[in-house]
Amino acid sequence: MIQSTYKPLIAHVLFRLGTGGLENGLVNLINTLPDDSYRHAVICMTDYTDFRNRINSNTVQVYCLNKKPGQDLAVYLRLWRLLRKIKPDILHTRNLSALEAQLPGLLAGVKCRIHGEHGRDIDDVDGTHWRYVLLRRWFRPLVQRYIPMSKDLEGWLIKQIKVPVTKISQVYNGVDIKRFKVNDAKPLSILPSDFRAPERLLIGTVGRLDPVKDQLTLVQAFIHLIKTTPELSHQARLIIVGDGVLLSALQTVVRDANIDHLVWFAGERHDVADIMQTLDLFVLPSINEGISNTILEAMASALPVIATEVGGNPELVVDGQTGYLVSKQDPIAMAVAFKRYLLQPELLRLHGQAGRSRVVSTFSLSRMMADYKAIYDKLLVERV
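Quick note on this note's numbering: the sequence shown kicks off at 15 and runs consecutively.
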């Protein structure tokens, strides 16, 4: 039995600690769990960026294993040695890129082992790639508790990976409703000058510029809107927040369409909450999603959301009430959704308020923290 004065250590293992939804959820969890309940260590299979500075506590150690590209079996020996040294009570791996850490965890004597599924990448969008399915099934006996971020991922674990229902605890991400909120005065000074006029309708997205996030469809939808309804070019503006491999391709498409003056590539930002307050409409064009932190942040900011009908998106966006769901990689359908709001601006306020209410009631950070704490507490009692 663990003494009340002892604070168990959780070792969170992920591929890399950088800007992203998974990483944002991890940092929020560490910052929110009561200090007198658990200690934390973050283990990066590769490395980390200054995103680690978002962790509030100076006592949280962040370790880098510097995994080499491709096969690097030595990294698991380094992980085993590290786990033997820090002696965590709980090992919590996240996504396929960290799943293999479960074996060093077992061999290092970690008694409580958890694996989270937060979403999938472009090379395995639907989760049926035979090699990845086989790998997940091989490691299934080592994992004592699975935490999928959505009902969609929970169903996939049961049907595709054959995980027993009794080993699964589905947990939704939570959003900081105090940080993401509605202010009477929008911080327009952070925008380019032409984007500040009161008649502008600002359409925006936030996320890494990556094929699975598919910002290309968003840009194509915006181009279709402007080309088919040119009078809207005086009103509509597009803001793309983030950085990544798609940046150059997106800039080329925008330049070739001669709409450079209508699109702002804001880059990677640390003032996302402020940028959300300047927007009128949020869009997530992903090919696949787990539970999107940025959708929750937009809804908390009282923004209507247009999202693709994939993964966990339909579990967040209520079609016709808090926004609209459209088919993935369908720029015309997305442009039609844009036009609905442009022609019926009262929907912006109605859908945005409904989204804010939904986040407060169902997707708060305090609810997410309580769900995780209950899982950690129960597993410790069962195993220790």
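Virtual Cβ for every residue (Gly too), placed ideally from N, Cα, C.
Test item: CB-CB of residue i and residue j under 8 Å
i: Ile24; j: Ile104; result: yes
i: Val41; j: His54; result: no
i: Glu303; j: Gly326; result: yes
i: Ile254; j: Phe279; result: yes
i: Arg193; j: Ala263; result: no
i: Leu230; j: Val259; result: no
i: Leu293; j: Leu362; result: no
i: Ile305; j: Ile161; result: no
i: Ser164; j: Phe29; result: no
i: Val89; j: Leu79; result: yes
i: Gln249; j: Glu213; result: yes
i: Val27; j: His143; result: no
i: Arg151; j: Lys176; result: yes
i: Pro178; j: Asp228; result: no
i: Leu252; j: Ile217; result: yes
i: His238; j: Ile69; result: no
Residue i, enclosing beta strand (DSSP E) - first and last residue
i: Arg53; result: Arg53 to Cys58
i: Glu131; result: Cys126 to Glu131
i: Tyr338; result: Gly337 to Val340
i: His26; result: Leu23 to Leu28
i: Leu293; result: Segment: none, Leu293 is in no beta strand (DSSP E) and carries neither H nor E.
i: Leu236; result: The sequence shown places Phe at residue 236, not Leu. Note, Phe236: premise wrong, no beta strand (DSSP E); alpha helix (DSSP H) at Gln229 to Thr242.
i: Gln75; result: Gln75 to Cys78
Separation of residue j from residue i, as counted between CA atoms
i: Lys392; j: Ile240; result: 55 Å
i: Val382; j: Leu36; result: Residue identity differs from the one stated: residue 382 is Met in this sequence, not Val. If I take the Cα positions, the gap works out to 14 Å.
i: Phe209; j: Pro201; result: 12 Å
i: Asn109; j: Thr243; result: 43 Å
i: Asp140; j: Ser183; result: 21 Å
i: Leu121; j: Trp94; result: 7 Å
i: Gly334; j: Pro328; result: 12 Å
i: Gly221; j: Gly34; result: 7 Å
i: Glu131; j: Arg154; result: 13 Å
i: Cys126; j: Asp135; result: 27 Å
i: Tyr386; j: Val185; result: 8 Å
i: Leu87; j: Lys181; result: 28 Å
i: Lys81; j: Tyr52; result: 27 Å
i: Leu276; j: Arg145; result: 44 Å
i: Asp344; j: Gln116; result: 39 Å
i: Gly366; j: Arg92; result: 48 Å
Other residues of its chain near residue i: CB distance less than 6 Å, five sequence neighbours each side excluded
i: Arg66; result: Leu31 and Val76
i: Lys342; result: Ile301, Thr322 and Val324
i: Met15; result: Confidence at Met15 is low in this model, with a pLDDT of 43, below 50, so the placement of that residue should be treated as unreliable; the coordinate-derived value is given next. No residues qualify anywhere along the chain.
i: Asp138; result: Tyr146
Element boundaries [alpha helix (DSSP H), containing residue i]
i: Phe352; result: Pro345 to Leu357
i: Val41; result: Gly35 to Thr46
i: Gly119; result: Gln116 to Leu121
i: Tyr146; result: Trp144 to Phe153
i: Gln6; result: Residue 6 is absent from the model: the chain starts at 15 and stops at 398.
Chain-order list of residues whose beta-carbon lies under 7 Å from that of residue i (same chain, five-residue window excluded)
i: Leu310; result: Asn187, Val189, Leu330, Val373 and Phe377
i: Met290; result: Phe194, Glu311, Ala312, Ser315 and Leu317
i: Gln17; result: The predicted model places Gln17 with a pLDDT of 49, which falls under 50 and marks its position as unreliable, so this point remains unresolved.
Neighbourhood of residue i by C-beta distance below 8 Å, restricted to the same chain and skipping five residues each side
i: Asn307; result: Gly35, Asn38, Gly39, Asn187 and Val189
i: Gln265; result: Phe279
i: Ala351; result: Ile320, Tyr338 and Val340
Nearest to residue i (by Cα), restricted to the options the options
i: Tyr269; options: His248, Ser247, Gly281 and Val233; result: For the record, residue 269 in the displayed sequence is Arg; it is not Tyr. Answer by Cα proximity: Val233.
i: Asp285; options: Gly256, Leu97 and Met59; result: Gly256
i: Ser403; options: Thr19, Thr46, Lys81 and Gln85; result: Residue numbering for the chain in the displayed model covers 15 to 398; residue 403 lies beyond these limits and cannot be assessed.
i: Arg354; options: Leu215, Leu43, Asp137 and Thr63; result: Leu215
i: Leu148; options: Gly133, Pro345 and Leu171; result: Leu171
i: Ala271; options: Ala235, Thr19, Pro299 and Lys21; result: Ala235
i: Gly84; options: Arg370, Ile273 and Met59; result: Met59
i: Leu357; options: Glu245, Glu396 and Leu339; result: Glu245
Below-8 Å beta-carbon distance, residue i vs any chain B residue
i: Val373; result: Absent from the structure is chain B; it holds one protein chain and no more.
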